[in-house]
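Report on the following structure.
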Amino acid sequence: MDLELGGKTAVVTGASQGIGEAIAVELAREGVRVVLAARNKANLERVAGRISELGGEALVAPLDLTDPEAPAEMIARSIDRFGAVDILVNNAGATKRGDFLQLTDQDFADGFALKFYACMRSCRAAWPHLMASQGSIVNIIGIGAKTPSRDFTIGGSVNSAILNFTKALADRGVSDRVKVNAIHPGYIKTTRLTDRLDAVSAETGRSRAELESEMLQKTGIPRFGQPEEIGQLTAWLCSPRSAYMQGAAVDIDGGVTRGI
Numbered sequence: 467m468d469l470e471l472g473g474k475t476a477v478v479t480g481a482s483q484g485i486g487e488a489i490a491v492e493l494a495r496e497g498v499r500v501v502l503a504a505r506n507k508a509n510l511e512r513v514a515g516r517i518s519e520l521g522g523e524a525l526v527a528p529l530d531l532t533d534p535e536a537p538a539e540m541i542a543r544s545i546d547r548f549g550a551v552d553i554l555v556n557n558a559g560a561t562k563r564g565d566f567l568q569l570t571d572q573d574f575a576d577g578f579a580l581k582f583y584a585c586m587r588s589c590r591a592a593w594p595h596l597m598a599s600q601g602s603i604v605n606i607i608g609i610g611a612k613t614p615s616r617d618f619t620i621g622g623s624v625n626s627a628i629l630n631f632t633k634a635l636a637d638r639g640v641s642d643r644v645k646v647n648a649i650h651p652g653y654i655k656t657t658r659l660t661d662r663l664d665a666v667s668a669e670t671g672r673s674r675a676e677l678e679s680e681m682l683q684k685t686g687i688p689r690f691g692q693p694e695e696i697g698q699l700t701a702w703l704c705s706p707r708s709a710y711m712q713g714a715a716v717d718i719d720g721g722v723t724r725g726i
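Sequential numbering from 467 applies to the sequence shown in my numbering.
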């Protein structure tokens, strides 16, 4: 299916690995020029190399998005290089897990700084350009926005805030002609997930395969998701094919979210 995205420009945060990398590569397959933003320059250059091999064009933007000035700088680089921002995908941000009583104020502040504030500032910087192009925003949030977990108090709180923010922006987007939607990934097999399982494996002496099997049993789903599946959904949400989607938050979690 031609998503009619050829020639457009996308800014993707958290693009150095995992879901962000998969999104950037999928957009490039559709003919989108991609600005890759994250802290790790070497990883960004690797992703840019993948895109180049596909015949695509990418700009590496190694930035720390916890810096209040970085999101505006990121958007400015896109304008300087490509002359436009048609798509913004906010994917940056991993938050600290753990026992609530052991988490500090700084842990919470760090979580909001990277995931919520970076998202908000990126949207604000990109908005005038997205209005000009009648473009799209997709916020990659997570099932924790709607399903609280005792070990995910920071991530759940941040995700809920971004979900509310997404709906509010979508309301404005109706009149400003900017499409705003979100995706809630479930358990996706990225290095973040495998690193977590490896840490538990080192502590308990149990194999990663055993831990994966146990995790799937507990959640009641047959397998983990793949980053490429998030990439494909994101590309569709950015495209004219989803023109009537506004303010939607799509679960892509294998059915693990059973609440309304």
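From the three backbone atoms N, C-alpha and C, an ideal C-beta is built for every residue, glycine too.
Per DSSP, reduced to three states, the secondary structure at G577 is helical.
Per the Cβ contact rule, the segment 537–549 is in contact with the segment 488–501 (3 or more Cβ pairs under 8 Å). T561 sits in coil when the DSSP states are folded into three classes, being neither helix nor strand. Cβ-Cβ separation between P528 and K507: approximately 4 Å, consistent with a contact (criterion under 8 Å).
Here K474 carries a coil assignment [DSSP, helix/strand/coil]. According to DSSP, L554 shares a beta bridge with V477 and I603.
S615 counts as exposed, since fewer than 16 other C-beta atoms from the protein chains shown sit within 10 angstroms of its C-beta. Under the three-state reduction of DSSP output, A591 falls in the helix class. About 6 Å separates the beta carbons of E511 and V526, which is inside the 8 Å limit, making them a contact pair.
Minimum Cα-Cα distance from S518 among the listed residues V555, A494 and L699 corresponds to A494. With fewer than 16 other beta carbons inside 10 angstroms of its own, N630 counts as exposed.
Residue environment for E669: exposed (fewer than 16 other C-beta atoms within 10 angstroms of its C-beta).
With a 10 Å radius around the Cβ and a threshold of 16 neighbouring Cβ atoms, K684 comes out exposed.
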